[in-house]
Structure formats: C-alpha cells, structure tokens
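In my numbering, the protein residues as written are 1036 to 1325.
Backbone N, C-alpha and C define an ideal beta-carbon position, used for all residues, glycine too.
From a predicted model like this one, the values you see are computed outputs, not experimental measurements.
Here's the structure, in structure tokens; my notes come after.
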C-alpha cells in the first residue's frame, strides 16, 4: 500500500532530517561539505612560519590575534569545528570582551554537540551584556539543540519582540523555532514557523531547506522537493541543500537526477552508494533497531 510506504519513509527519514536540522540548528551550511582545504591550510602554515621573520609593522600577519582569527574563520568555514573551537577559545582568552569571539566559540561547541560547554560560555558573557542580541540568539539555538525546546522557543519569542530585529534575523529566529517544533514532532507548527521566516525573507535558503526537511518528515515528498528546489536556487544555498534534495529525489525514485546532484559534492562512487542507500531505506522497517 502506498500509505504504508509513506509511513515507513516518515519513520526512517525522521532521524536523518532531525540530524540535519539540529547539527546546524537552522543553519543550512553546517553539514556534509566535501572539499580539499590543503591549499589554504598550506598558505596559513607558510604565513605562520613568516611571523618571526617579518619586520614588525610591515604585515598584518605579524599580529597573532589577526592570524588566529583568520585560522579560526577558515577552520569554521571548512566545518573543522574542533579546530575552530580551540582557536576561538584562545582568542576569547586574549580578548574576553570581544563578543564575536565568544559567540563563534559557542557556535562551534554547539555544532560539536558540546551543549553544556556552549551554554556555560554564553552565560558567562551574558552576565556582562545581558541584552546582547547575538549572544541571546546563539543561546536560544544552543537550548534547542540540547533538547530544552520550550526554553529555546520562549527566548526566541522574547527576542522577536525587540525593535532591533531586522528581517534577516527574524528569518533565522523563526527558522530555529521551526527546528524546535520539528524535533517535538509537531511538523504543522514547524512549517508555520518556516512560513513566517519566509515572509520575513522570501528567498532565505535556510528556511526553505528546513521547510523541505519538515515536509519530508511529514511524508509529503512532493512538497519537500518543491521547497528544496527553491532553496537550491537561493543566493545563500549551501552544499547540504543539494544533498537533501538528492535524498528526497532518491526516495521518490528519481535516482538519475539524485546521483547528478550528489555527485557535485561527493566522489562518484560515494554518490552512487548514498543515492542507492536512500532509495532502499523506505523498505527497511528494522533499520533503526539494528
């Protein structure tokens, strides 16, 4: 029966989608990036070797804070969050009043699953600046990622009432609320939140991506495909959007296009195996018990 197949898809797909949502807690580009960072790493290493050889004042590289910040942002962009967290922690110890360093440290810790550490870092900073909206936004995402859904949603609602929330931030906040409701298996409410995010910023790739995953968890694969196709052409679309669309197409039987999409970021053999796996999970009732 078609309805039985949809039910199986919903049961098996939910862990995949929740992992994608929670790892970034509403950040599209936080997962599954396959790239060769060797060239830039080598450039940074060469720059580090030159620190002691360059006469003072002639290069920005001779400033250890600037070098560390560049290394931290590079590691974060490459999804090397463990390395990024170490750099951000060092920077925060050098400049404890720099809220950007603190927020990025907490973000890296959150993505690593170190929610208690992230919350501890944020609480310490918020004692000094309790109204800092960036720190509060990161705290809300950390609470949601750690499973404290109600606390995270309440904090987001308070932030959304502030007059300094612009459209871009509103889209992020509503999208994070959607993640919370999806985790609570209230997909209808989650989709309402993603809709609010898209009213604030109609071409927001993060909200469109999360909406597509929410539809997929709800068994609405056609709607999931439409949302993810819109996300794919949005200006800020990341690698994960393509992989999510490939997953949905695989479940619908569109394996040729799914392999083409997956192959843009994965080696050909891995792309074939990934698409083949997604194409069979709907028929494997016991997958998550093994």
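Here residue 1214 really is in contact with residue 1179; their C-beta atoms are around 6 angstroms apart, less than 8 angstroms. Taking 3 residues as the shortest admissible run, the region 1241 to 1312 contains no complete beta strand (DSSP E) segment at all. Between residue 1254 and the set 1130, 1217, 1229 and 1273, the nearest pair of CA atoms involves 1217. Residue 1111 and residue 1122 have their C-alpha atoms some 10 angstroms from each other. Here DSSP, grouped into helix, strand and coil, assigns residue 1171 to helix. Residue 1244 is a Cβ neighbour of residue 1275, given a cutoff of 8 angstroms. Collapsing the DSSP output to three states places residue 1165 in coil.
Rounded to whole angstroms, the gap between the alpha carbons of residue 1233 and residue 1152 is 32 angstroms. Closest in C-alpha terms to residue 1206, from the list 1308, 1140 and 1230, comes 1230. Distances from the alpha-carbon of residue 1257 to those of 1129, 1099, 1289 and 1308 put 1289 closest.
Taking the CA atoms as reference points, residue 1212 sits about 19 angstroms from residue 1157. Annotation: residue 1263 to residue 1309 spans about 18 angstroms, alpha carbon to alpha carbon. About 13 angstroms separates the Cβ atoms of residue 1120 and residue 1103, ruling out a contact at the 8 angstroms cut-off. Excluding its 5 nearest sequence neighbours in each direction, residue 1225 has C-beta neighbours in its own chain below 7 angstroms: 1213, 1216, 1217 and 1249, listed in chain order. Annotated as distal: residue 1161 and residue 1116, with beta-carbon spacing of 8 angstroms or more. The C-beta separation of residue 1259 from residue 1266 comes to about 10 angstroms, leaving the pair out of contact by the 8 angstroms criterion.
Within the same chain, 1055, 1244, 1247, 1248 and 1263 come within 7 angstroms of residue 1279 by CB-CB distance, once the 5 residues on both sides are set aside.
Assignment of residue 1198 by DSSP, reduced to helix, strand and coil, places it in the coil class. Sixteen is the threshold: since fewer than 16 other Cβ atoms of the shown chains lie within 10 Å of the Cβ of residue 1166, the residue is exposed. DSSP, reduced to helix, strand and coil, places residue 1115 outside both helices and strands of the structure shown, so it counts as coil. Counting other Cβ atoms within 10 Å of its Cβ, residue 1191 reaches 16 or more and is therefore classed as buried. Exclusion of the five residues before and after residue 1173 leaves 1138, 1141, 1142 and 1157 as the residues of its chain whose Cβ lies within less than 7 angstroms of its Cβ.
Scanning its chain for C-beta atoms nearer than 6 angstroms, with the 5 sequence neighbours on each side dropped, one finds around residue 1154 the residues 1177, in chain order. At least 8 angstroms separates the beta-carbon of residue 1252 from that of residue 1210.
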